[in-house]
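Structure first, then comments.
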Amino acid sequence: MRISTQQVFLNNVDNLSRANSELVKTQEQIATGKRVLQPSDDPLAASQIIKLEQEVARTEQFQTNIDVSNRRLSHEELTLDELFNNAVRLREITIQAGSAALGSQDRAALATEVDGIIDQMQGLMNTRDVQGEYLFSGFQGDQQAYSFNDVTERYEFQGDAEQRFIQIGPDNRIASTDSGAQLFEPNNPLNIALDLSNGLKNIDTSTEAGRAELQTLLGNSLTAIDGAQDANIRGRTSIGARMNALDQQQLVNDNYTLLSQEALSSFRDLDYNEAISRLTLQQTTLEAAYASFSKVSGLSLFDYIR
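Going by this note's numbering, the final residue of the sequence shown carries number 519, and the count climbs one at a time with no gaps.
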């Protein structure tokens, strides 16, 4: 079989091209730190890399959802804590107002304090989250939770009774909000305080009937305040349980992310020691190939004739 000079030349060119490509690929692997640069390098590994990257991204989104839920629930818990303190003060005022030693001016002064508490509670019950949505309006986040109706002369709930659920794990969803319908109804603290204020201002205690009316109001107010406080405690207990669940799921997600990243690294990341050794060998081989090709390409029949 005859091998022409052109065949020798082309074979050497192919070898040099292939050696150059392998060298460039190794250099790119070292530069990026990745073993698989494109799917054709290792189709099986490439498919696993895509799957694991998706899993890591999904788990990171779960962690973001947990952070968002923790912030909302922490904000809600602090708000309910402040409302509970207001209810405690309302209870103290209600008991104080029942003293026979108080006159009309004393009760008017207590009513003024109650009005101040109403303003504080209305602000708290209309608290907004960091996104500017009302915390206790359910799905109606752009709707103020509580407002005063001039016709009925009552504070009325304007939202809905829905809770917002958020995904925090592959099979785990949790309520990240609570509606005022569950937390503040039917023992609406605003209307409890409003009735107390109006009674302290308007009931005439100079008569036996008036004094009896005041005692009935105070007794009803204490019962309603107890109901509002019980609802508040239940709400904060539920929030605490959910925040504990968020913490536990966050640990599960952290562990899953760690395992996924370790698996991803085994498929994707480069063994630098092996790659550098391979690069050195490829450089030496390529230099030898260039030197050999230079000598072979310079040979011709005239060299022998001479």
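Don't be surprised by glycine CBs; every beta carbon is placed ideally from N, CA and C.
Ser350 sits buried, since 16 or more C-beta atoms from the chains shown fall within 10 Å of its C-beta. One alpha carbon belongs to Asp294, the other to Ala444, and they sit about 12 Å apart. Annotated three-state conformation of Gln335 is helix, per DSSP.
A direct Cα-to-Cα measurement between Ile438 and Leu303 gives close to 8 Å.
For the 9 Å CB-CB criterion, Ala406 and Ile330 form a contact. Under DSSP, Glu346 forms no beta bridge with any residue. Taking the CA atoms as reference points, Gln353 sits about 44 Å from Leu315. Three or more Cβ pairs closer than 8 Å define a contact, and the stretch 265 to 280 meets that threshold against the stretch 371 to 388. With respect to the 9 Å criterion, Gly311 and Tyr347 are not classified as neighbours on the basis of their beta carbons. Annotated as proximal: Asp342 and His288, with beta-carbon spacing under 9 Å. With 16 or more other Cβ atoms inside 10 Å of its own Cβ, Asn401 counts as buried. By the CB criterion at 9 Å, Ala425 and Gln395 fall outside the cutoff. In the DSSP assignment, Asn385 is bridged to Gly382. With a contact defined as Cβ atoms closer than 8 Å, Leu477 and Val269 qualify at about 7 Å. Taking C-beta atoms under 8 Å as the contact rule, Ser389 and Leu250 fail to qualify, at a distance of about 41 Å. Fully contained in the stretch 426 to 452 is no alpha helix (DSSP H) run of length 4 or more. Each of Thr365, Gly448, Leu413, Arg455 was checked against the Cα of Ala322, and the nearest Cα belongs to Leu413. Taking 9 Å as the cut-off, the beta carbon of Leu409 is found closer than this to the beta carbon of Ala324.
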